[in-house]
Amino acid sequence: MILYKYYGFSSGMAALGSRKLGFRNPAYFNDPFELSYLNNSSDSNFVSKKIDALKESLVILSLTRTAFNPLMWAHYAEDHKGFVIGYDIEDEFFLSGKYNIISANEGDVIYTTEKERIDISDDLKETLHNIFHIGQGEEMNSFSKEKLEKIAPILKKALLYKHSCWAYEEEVRVIKVLNSVFEECHVWQSDLNRAFCSLNQLVAPGIGSVIVPGLYLYSKEAKIREVYLGMRNPLLSRHQNVEIKSRSVYELAKNLAWSVNKVSMSEGSWGLKSTAISHNFLMVPEQTKGLINSLSFTGREAEYLSKVLPELVGSADDCYELTNWSGELNLKKNGEFIE
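Numbering (the numbering used here), first residue to last: 23 to 361.
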């Protein structure tokens with residue numbers, strides 16, 4: 023089975039090049055109502071504490087069943103400038119109960135207009151506490167069949183219920199526990215289906231900063247089957263005979279036999295359609311016209327650069343980056359900080 027994910031242009035090129043998937047901590051989702059279905063309860067304080075703990079310990083991959091949703095192209099694919107990537111999910115990374123507390127074949131989001139009133143009994147408190155332990159890394163198979171039958175519907179209500187206004191997304195979720203308190207970190211991360219990293223950059227010597235808070239890039243390479251370029255994707259509008267900057271994604275697409283398509287408006291309707299195109303469209307051209315680069319500095323940054331730049335010996339091939347970390351200015355040359 024193939025499920026889809028929408029990307030902006032730069033993030034889509036990165037996803038194609040790495041073939042890795044980013045899971046997001048739900049505390050950073052764009053909808054503040056995420057994981058709030060159980061809040062309409064007789065003991066909202068108890069429920070909120072358990073759900074807040076889940077938000078911190080889980081990561082979610084949001085996929086969809088369609089590559090042709092105009093609204094999602096606008097919202098999640100940079101105004102149709104990006105990509106939709108179709109992933110083959112027939113893999114334990116997506117489907118195994120060992121690696122997911124909600125797998126792809128159980129992850130259809132359920133859309134509702136109302137939150138049911140939930141009476142918090144002692145039995146339900148125990149179930150919520152068990153779910154808390156699952157979020158901390160306790161294996162699902164450590165619970166009895168009777169307890170699992172109670173856990174499953176509550177887990178689904180906590181993690182998969184959303185307001186019906188989101189129904190157009192046809193979302194399918196894969197939900198994982200980020201780390202386990204029951205296992206040493208290096209042991210947990212030694213399994214490729216659990217290994218991940220966050221996206222960081224050095225902002226000062228010895229100091230890293232997270233680029234996208236709450237995003238975790240899993241190490242296992244996903245199987246890409248289909249690639250769709252939005253109707254405004256820059257790769258579709260390049261001129262012939264341009265200088266090619268990068269062939270890496272093109273070579274992956276060709277060698278792994280990805281189906282590459284362009285999306286366009288369907289005549290006579292408000293829908294979208296796709297047309298197969300050459301893998302050559304995934305070659306990234308060198309920009310030679312228009313605004314190629316622009317940097318401006320004022321204040322302390324400008325003063326700092328005026329002092330250090332005359333001392334630097336460089337060429338057009340060198341890359342410089344100025345960082346201001348908590349008021350401390352540093353300059354990087356070709357990725358290395360200059361003393």
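By construction, the Cβ of each residue, glycine as well, lies at the ideal position given by its N, Cα and C atoms.
Cβ-based burial, residue 23 [other Cβ within 10 Å; buried from 16]: exposed
Express the C-alpha separation of residue 166 and residue 149 in angstroms, rounding to a whole number. Across the structure, residue 149 and residue 166 are spaced so that their CA atoms are roughly 12 Å apart.
Nearest residue (CA-CA) to residue 138, options 125, 176, 117, 159: The residue with the shortest Cα to Cα distance from residue 138 is 176.
Between 292, 74, 34, which lies nearest to residue 181 when the distance is taken from Cα to Cα? 74
Pick out the complete alpha helix (DSSP H) segments inside the stretch 79-103, 4 residues or longer, and give them in chain order. 92-98
Pop quiz: residue 108 and residue 34 are said to be a contact at Cβ under 8 Å. What is the actual Cβ separation, rounded to whole angstroms? Rounded, the Cβ-Cβ distance is 12 Å, inconsistent with contact.
Where residue 10 sits in the DSSP three-state scheme: Look at the range of the chain in this structure, 23 to 361, and you will see that residue 10 is not part of it.
Could you tell me whether the Cβ atoms of residue 240 and residue 200 are closer together than 8 Å? The answer is no: Cβ separation not under 8 Å.
Let me check one thing: in DSSP terms, what residues is residue 347 bridge-paired to? 350
Over what stretch of residues does the alpha helix (DSSP H) that includes residue 383 continue unbroken? Residue coverage of the chain in this structure runs from 23 to 361, which leaves residue 383 outside it and unanswerable.
First and last residue of the beta strand (DSSP E) that includes residue 219? Segment 218-220, the beta strand (DSSP E) holding residue 219.
Residues in its own chain within less than 6 Å of residue 28 by CB, not counting five upstream and five downstream? 94, 98, 99, 106
Please state whether the Cβ-Cβ distance between residue 69 and residue 60 is less than 8 Å. The beta carbons of residue 69 and residue 60 sit closer together than 8 Å.
Contiguous beta strand (DSSP E) assignments of at least 3 residues, all confined to the stretch 188-213: 193-199
Suppose you measure from the CA of residue 216 to the CA of residue 210; what does that come to, to the nearest Å? Going by the C-alpha atoms only, they are around 7 Å apart.
Could you tell me the distance, in whole angstroms, from the CA atom of residue 123 to the CA atom of residue 198? 6 Å
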